[in-house]
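**Q**
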Amino acid sequence: MNDQQMVLDAIDRFLDKDVRPVAKALEQADEYPHDIVSKMRDLGLFGATIGEQYGGLGLSATVYAKIVERVSSVWMSVSGIFNSHLIMCAAIERFASESMKEHYLPRMATGELRGGIALTEPDCGTDLQAIRTRAVHHNDGYLINGTKQWITNSVEGNVLAVLVKTDLNTLPRHKGMSLLVVEKSAGYRAHKLKKLGYRGVDTGEVLFDDVWVPSTALIGDQHGRGLQQILSGLALGRINVAARGVGVAQAALSASLNYAQLRETFGQPIAQHQAIQLKLADMATQVEAARLLTERAAQVYDRGERCDLEAGMAKLFATEAAMENASEALRIHGAYGYSPDNEVERYYRDAPLLVVGEGTNELQRLIIAQQMLERHPA
Ligand SMILES: Cc1cc2nc3c(=O)[nH]c(=O)nc-3n(C[C@H](O)[C@H](O)[C@H](O)COP(=O)(O)OP(=O)(O)OC[C@H]3O[C@@H](n4cnc5c(N)ncnc54)[C@H](O)[C@@H]3O)c2cc1C
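Residue numbering for the sequence shown follows the working numbering, starting at 3 and increasing by one per position.
#1: If distances are taken between C-alpha atoms only, which option among K103, T362, R227 comes closest to L181?
#2: Taking just the CA atoms, how far does T321 sit from G336?
#3: Suppose the cutoff is 7 Å on Cβ atoms and the five residues either side in sequence are ignored; what does the same chain contact list for S382 look like?
#4: With respect to 6 Å, is the separation between the Cβ of T287 and the closest non-hydrogen atom of ligand 1 below this value?
#5: Counting only runs that start and end within the stretch 259-342, where is the alpha helix (DSSP H) found for 4 or more residues in a row?
#6: So with Cβ pairs under 7 Å, would you call G143 a contact of chain C?
#7: Whole angstroms are fine: how far does the CA of A291 sit from the CA of D284?
#8: Ends of the alpha helix (DSSP H) at R116?
#9: Return the residue from the list D37, L61, R22, A25 that minimises the CA-CA distance to V9.
#10: Relative to the alpha-carbon of A92, which residue among K194, M78, A63, S79 has its alpha-carbon at the smallest distance?
#11: To the nearest angstrom, how far is it from the Cα of V302 to the Cα of V157?
#12: Give me whichever residues DSSP pairs with D211 in a beta bridge.
#13: Might you give, ordered along the chain, the residues of its own chain that have their beta carbon closer than 6 Å to the beta carbon of A313, omitting 5 neighbours on each side?
#14: Would you mind reading off the limits of the beta strand (DSSP E) that contains A137?
#15: Considering only DSSP beta bridges, list what M179 is partnered with.
#16: L198: buried (16+ other C-beta within 10 angstroms of its C-beta) or exposed?
#17: Could you name each continuous alpha helix (DSSP H) segment of 4 residues or more that falls completely within the stretch 29-65, going from the start of the chain to the end?
#18: Using the beta-carbon count (16 or more within 10 Å), is P124 buried or exposed?
#19: Since L17 contacts V76 with CB under 8 Å, what's their CB separation in whole angstroms?
#20: Given a threshold of 16 other Cβ atoms within 10 Å of its Cβ, counted over all protein chains shown, does T205 qualify as buried or as exposed?
#21: Quick check: the stretch 93-110 against the stretch 140-160, are at least 3 beta-carbon pairs closer than 8 Å?
#22: What does the alpha-carbon distance come out to for the pair I38 and L59?
#23: Got a sec, what are the start and stop residues for the alpha helix (DSSP H) A371 sits in?
#24: Tell me whether G235 sits in a helix, a strand or coil according to DSSP, three-state version.
#25: Just checking, does the stretch 49-58 make contact with the stretch 261-278 on the three C-beta pairs under 8 Å criterion?
#26: Leaving out five residues before and five after H193 in sequence, what residues of the same chain have Cβ atoms less than 8 Å from its Cβ?
#27: If you compare alpha carbons, which of V80, K196, K317 is closest to D20?
#28: For the beta strand (DSSP E) containing A192, name the first residue and the last one.
#29: Taking the C-alpha atoms as reference points, what is the distance between A120 and H87?
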């Protein structure tokens, strides 16, 4: 058995033993899964894509996407706990000084420090250049003031990569933006927000009230690179989200395949009615296509090539597949799909996050079109 298969088998065992039996209760109580997090630390999941020299597993995006798919097919919220953490780690590993990498990555790989990315604000998400959170020079460091919103891991985690304005007047606006590593300290306050789905994992509003960080908190050696740094990390983020979409779409299909063979109407299982077969066929085709697009994007990423187009297409298609399959699963389950006792009800609440997070699907379409035009000049 190869190393990749051993990792995936360990994930399957963890999901069956530690996640599947408790997911429904924790999700419905919107309770942070501390025991699951502790098992994830043992498995090394918080270091999945961090290089081995910093204590991580050094997994490729291709293997990582398979892990995310498996986890999300059981409980999508669990993937959120390590996904945005690893996007932050990727930004540090790609752009930070060696001393910052050595300072943070080994402790992030073990999950002792758990992070996230703080980009979105109350007044802007897609148009990130409109952020208002400011960092001004103060006592050989920066003083941060502002509010970030919808930040995953901001309550239960202990460190964030925060996108700030270090210069308000520079044009274009992104040249005045930088990325700072901020550990929880005086002036940092976060509270959890209520959500339709994706429960259990903390998504919060964070207030920075004169939070001071040393000058070494800057990722990279100069100001004005923050937006580029985080956007390049978002390629991995979009592959993540695509893989989550595959997981949810697959879970909705599996539940429907099973139920359609058990539920009988007019003297036969509903799976024998052609109208249901058409749904199952479309759902299965969506899953296969979504999985292939996600694998392809991960392979391009692993070759170190630019993959905005591939990651954008995978994210767009796989997350729409999750939405459609969750909706079709609800129809196939009839009234039972509408009950919180049934997991398809959760898929129906979880899937919409995927079309919004890591760049909305409207934005993905714009990115895809721009890339097409760039790659195919007339
Ligand atoms: C559960 C959850 C977890 C999240 N976790 C994080 C996190 O950890 N870190 C973080 O920084 N953010 C996080 N977010 C925020 C998320 O990334 C943003 O919600 C997303 O980027 C969209 O921003 P917005 O909500 O402000 O929508 P807006 O930008 O206000 O967009 C509103 C609508 O307008 C459309 N739109 C906007 N601009 C255009 C355009 N130019 N052309 C066409 N259509 C356009 C959008 O597609 C959308 O349909 C999270 C959100 C949720 C719900």
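Where is the CB? At the ideal position from N, CA and C, for every residue including glycine.
This structure is a prediction, so every number in the text was calculated from the model and none was measured.
**A** In short:
#1: R227
#2: So the alpha carbons of these two residues sit roughly 23 Å apart.
#3: The structure shown does not extend to residue 382, since the chain is modelled only from 3 through 380, so no value can be given for it.
#4: no
#5: 276-304, 310-334
#6: Looking at the structure shown, chain C is missing, and only one protein chain is on hand.
#7: A direct Cα-to-Cα measurement between D284 and A291 gives close to 11 Å.
#8: Run containing R116: none; DSSP gives neither H nor E here.
#9: L61
#10: Nearest option by C-alpha distance: A63.
#11: 34 Å
#12: According to DSSP, which records beta bridges pairwise, D211 is partnered with N147.
#13: A237, R240, I241, A299
#14: Boundaries of the beta strand (DSSP E) harbouring A137: 136-140, taken from the DSSP string.
#15: K167
#16: exposed
#17: 36-45
#18: Taking all protein chains in view, the Cβ of P124 is surrounded by fewer than 16 other Cβ atoms within 10 Å, so the residue is classified as exposed.
#19: About 5 Å; that satisfies the 8 Å criterion.
#20: buried
#21: Cβ pair count under 8 Å is below three, so no.
#22: 19 Å
#23: 363-377
#24: helix
#25: no
#26: If we look at H193 and ignore the five residues flanking it on each side, its Cβ neighbours are V157, G206, E207.
#27: V80
#28: 190-194
#29: 11 Å
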